[in-house]
Amino acid sequence: MLIALEKAQESAARGEAPIGAVVADPNTGEVLAACGNAPIGLHDPTAHAEVLALREAARKTGNYRLTGLTLYVTLEPCPMCAGAISHARIGRVVYGADDAKGGGVIHGARVFDQPTCHWKPQVEGGLLAEESAAMLRGFFKARRQK
Numbered sequence: 147m148l149i150a151l152e153k154a155q156e157s158a159a160r161g162e163a164p165i166g167a168v169v170a171d172p173n174t175g176e177v178l179a180a181c182g183n184a185p186i187g188l189h190d191p192t193a194h195a196e197v198l199a200l201r202e203a204a205r206k207t208g209n210y211r212l213t214g215l216t217l218y219v220t221l222e223p224c225p226m227c228a229g230a231i232s233h234a235r236i237g238r239v240v241y242g243a244d245d246a247k248g249g250g251v252i253h254g255a256r257v258f259d260q261p262t263c264h265w266k267p268q269v270e271g272g273l274l275a276e277e278s279a280a281m282l283r284g285f286f287k288a289r290r291q292k
């Protein structure tokens, strides 16, 4: 999760929302992908940190199914990212801060709880939640003051 926080900081420095994601193999500890949010810079509304990390991990493994891997992300995934996580068959999602407004896992759409969901990973929230939330609050507070 510390790597995800670093990626979130890098995103903020580029003017992107400070969200970072890492895909790792829990058996080996190998980090397969580490990405930050980039929809503005890439001109791509789907370039959320989670989606970019899933894409990179899939390229690295040579398989779009990432079964058994863990996704660490600094903010509860949105519904779009939760859908991508389900399709990728990620084994476990560990996130930092809850997203009561835009979340799609514990809040909002609760994608993994829908009967049409293809795959439901194990989900754990709250890892470095305060650090993740503080980074987001600080970023958006500074933007409102401009």
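Terminal number for the sequence shown in this note's numbering: 292, no gaps in between. Ideal placement from N, C-alpha and C gives every residue a C-beta, glycine not left out. Quantities reported herein were computed from a predicted structural model and do not represent experimental measurements.
Proximity below 8 Å, CB of residue i to CB of residue j
i    : j    : result
C181 : E202 : yes
G166 : A150 : yes
A193 : A179 : no
E196 : L215 : no
G250 : P223 : yes
R211 : A234 : yes
V269 : F258 : yes
I252 : D244 : yes
P225 : A204 : no
Buried versus exposed, by CB contacts within 10 Å (16 or more), residue i
i    : result
G161 : exposed
G229 : buried
A280 : exposed
F286 : exposed
T213 : exposed
P164 : buried
T220 : buried
A288 : exposed
L188 : exposed
G272 : exposed
L282 : buried
A158 : buried
L274 : buried
K292 : exposed
G242 : buried
Closer than 8 Å to chain D by CB, residue i
i    : result
Q291 : Of the protein chains in the structure, only one exists, and it is not chain D.
Extent of the continuous beta strand (DSSP E) run through residue i
i    : result
G242 : 238-243
Boundaries (first-last residue) of the alpha helix (DSSP H) holding residue i
i    : result
A234 : 225-234
Identity of the residues DSSP links to residue i by a beta bridge
i    : result
Y218 : V168, V240
Extract the residue ranges of the beta strand (DSSP E) inside the region 259-292, only unbroken runs of 3 or more that lie entirely within it. 268-271
If you scan the region 157-198 from start to end, which runs of the alpha helix (DSSP H) of 4 or more residues do you find wholly inside it? 185-188
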